[in-house]
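Heads up: the structure comes next, in structure tokens.
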Ligand SMILES: [Zn+2]
């Protein structure tokens with residue numbers, strides 16, 4: 262039977278004052294003021310809830326939940342920070358990774374996220390099946406995922422940043438990418454798992470791997486992702502090593518196209534933003550990460566003026582230490598408003614970046630808004646909590662107050678969060694196992 266989310270306190274959907282109707286995996290009807298659903302429905306009374314499209318996270322590194330607030334790296338800038346992190350990550354095991362992924366996915370779901378990307382690029386020998394583990398864990402929690410098969414092939418010996426223990430050669434990377442695409446990638450509407458390709462960054466990936474990944478993506482119709490314009494040092498590095506700025510480098514290697522979304526996108530000139538907009542490239546803005554790493558901040562209003570779509574990313578926990586999508590939307594609102602003024606960044610903008618903007622980054626036309634025909638991916642936040650009570654504009658309040666937890670979350674018509682809990686998940690036990698794994702990982706790395 263169809264389900265009517267009836268009479269929400271507020272809803273982010275056009276002509277849906279009395280809520281939406283969900284049948285199977287889809288939204289089938291928006292119920293306007295004074296109207297009733299046109300089909301018989303079970304009813305969920307949403308009178309105490311703010312209802313929004315499920316939030317879309319466009320950039321993360323799930324495995325990094327095991328290296329949160331790592332003491333030796335707390336106040337390091339990005340390069341030295343990475344140089345502390347890589348020797349720790351090389352000791353990750355499959356069991357560690359599974360716990361790290363489960364924690365990240367659970368945090369995301371509880372924060373109203375229904376679709377998430379992950380960028381896994383560290384492949385020490387023990388993590389050969391990292392993508393497979395993420396597929397299994399995503400199915401367990403119930404999130405929709407775009408898992409990127411990340412890669413690094415440039416170790417310290419070749420002029421890159423990472424140690425040899427965490428990089429792979431191009432042949433191995435491309436072969437494993439073929440394997441995971443054939444096994445898991447669903448190109449169709451309503452897909453629960455999509456695979457994208459994601460060489461890590463210009464500092465850790467050869468020109469050949471960048472180009473070959475673009476060719477492989479074109480062959481299979483995949484999206485491409487990487488870190489780009491994330492640090493001021495990157496421009497100098499590209500000029501010195503490649504003889505051109507990062508955007509020129511991308512263009513030369515076949516990376517300026519509508520299937521590309523880039524993490525961070527802080528340091529683009531106005532002319533480069535126009536080129537990105539014309540090419541259809543989109544940007545994953547990661548405000549917490551921008552602020553914690555003190556890298557600068559993404560010029561979101563300028564990018565949007567250049568017709569570049571912008572989504573949000575919580576980024577790896579080592580950079581931002583929290584996988585809360587509603588929290589990240591609030592950070593985006595605060596950072597963009599502080600940087601660009603009250604007229605150029607509103608709570609409605611932040612909600613749009615966190616939903617439709619994210620869907621654009623991931624190339625999904627079936628998620629990110631609530632309208633007939635769209636996937637039934639929905640987040641409901643209860644207005645009764647202390648930090649949220651008393652709001653006038655409840656949608657704006659959702660961003661300005663950012664409740665710690667969603668009350669209910671639905672993916673493809675199925676509740677994956679009920680009453681602020683993930684059914685079947687023992688949070689305390691998971692946190693205990695995760696903390697122990699993190700402690701043991703630090704021990705193996707000699708910290
Ligand atoms: Zn990142």
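In this note's numbering, the protein residues as written are 262 to 708.
Ideal Cβ placement from N, Cα and C applies to all residues, glycine included.
C-alpha gap between residue i and residue j, whole angstroms
| i | j | result |
| --- | --- | --- |
| residue 485 | residue 478 | 7 Å |
| residue 379 | residue 296 | 41 Å |
| residue 298 | residue 620 | 27 Å |
| residue 481 | residue 649 | 45 Å |
| residue 291 | residue 370 | 24 Å |
| residue 627 | residue 616 | 11 Å |
| residue 373 | residue 322 | 18 Å |
| residue 625 | residue 300 | 28 Å |
| residue 443 | residue 461 | 22 Å |
| residue 429 | residue 347 | 14 Å |
| residue 491 | residue 663 | 26 Å |
| residue 414 | residue 421 | 8 Å |
| residue 537 | residue 394 | 34 Å |
| residue 647 | residue 665 | 11 Å |
| residue 283 | residue 669 | 15 Å |
| residue 655 | residue 534 | 34 Å |
| residue 287 | residue 274 | 14 Å |
| residue 667 | residue 643 | 7 Å |
| residue 294 | residue 381 | 46 Å |
Whole-number beta carbon distance between residue j and residue i, since they are thought to touch under 8 Å
| i | j | result |
| --- | --- | --- |
| residue 385 | residue 427 | 5 Å |
| residue 311 | residue 271 | 5 Å |
| residue 398 | residue 440 | At roughly 19 Å, the Cβ-Cβ gap does not stay under 8 Å, so residue 398 and residue 440 are not in contact. |
| residue 578 | residue 326 | 4 Å |
| residue 527 | residue 499 | No, residue 527 and residue 499 are not in contact; Cβ-Cβ is about 14 Å, not under 8 Å. |
Beta-carbon spacing of residue i, residue j below 8 Å
| i | j | result |
| --- | --- | --- |
| residue 678 | residue 638 | no |
| residue 406 | residue 706 | no |
| residue 561 | residue 597 | yes |
| residue 695 | residue 364 | yes |
| residue 459 | residue 516 | no |
| residue 267 | residue 332 | no |
| residue 522 | residue 573 | no |
| residue 281 | residue 631 | yes |
| residue 622 | residue 545 | yes |
| residue 408 | residue 431 | no |
| residue 691 | residue 367 | yes |
| residue 315 | residue 375 | yes |
| residue 425 | residue 412 | no |
| residue 506 | residue 456 | no |
| residue 611 | residue 594 | yes |
Endpoints, the alpha helix (DSSP H) within which residue i is located
| i | result |
| --- | --- |
| residue 261 | Residue 261 is absent from the structure shown; the chain starts at 262 and stops at 708. |
| residue 646 | First-last for residue 646: undefined, no H or E at that position. |
| residue 265 | Looking at the DSSP string, residue 265 is not in any alpha helix (DSSP H); the run it does join, the beta strand (DSSP E), is 263-267. |
| residue 473 | 468-481 |
| residue 660 | 655-662 |
| residue 588 | 586-601 |
| residue 516 | Where residue 516 is concerned, there is no enclosing alpha helix (DSSP H), given that its DSSP letter is neither H nor E. |
| residue 561 | 561-566 |
| residue 694 | 688-705 |
| residue 533 | 531-540 |
Bounding residues of the beta strand (DSSP E) (the contiguous stretch that carries residue i)
| i | result |
| --- | --- |
| residue 314 | 310-314 |
| residue 305 | 302-306 |
| residue 522 | 521-525 |
| residue 460 | 454-460 |
| residue 280 | 280-284 |
| residue 392 | Counting along the chain, residue 392 falls outside any beta strand (DSSP E), though it belongs to the alpha helix (DSSP H) covering 391-402. |
| residue 427 | Looking at the DSSP string, residue 427 is not in any beta strand (DSSP E), and its letter there is neither H nor E. |
| residue 669 | 669-672 |
| residue 573 | 571-573 |
| residue 675 | 675-678 |
Three-way DSSP call (helix, strand, coil) for residue i in this model
| i | result |
| --- | --- |
| residue 374 | strand |
| residue 507 | helix |
| residue 546 | strand |
| residue 270 | coil |
| residue 290 | strand |
| residue 323 | helix |
| residue 616 | helix |
| residue 411 | strand |
| residue 484 | coil |
| residue 351 | coil |
| residue 368 | helix |
| residue 360 | helix |
| residue 422 | coil |
| residue 339 | helix |
| residue 379 | strand |
| residue 345 | helix |
| residue 331 | coil |
| residue 583 | coil |
| residue 682 | strand |
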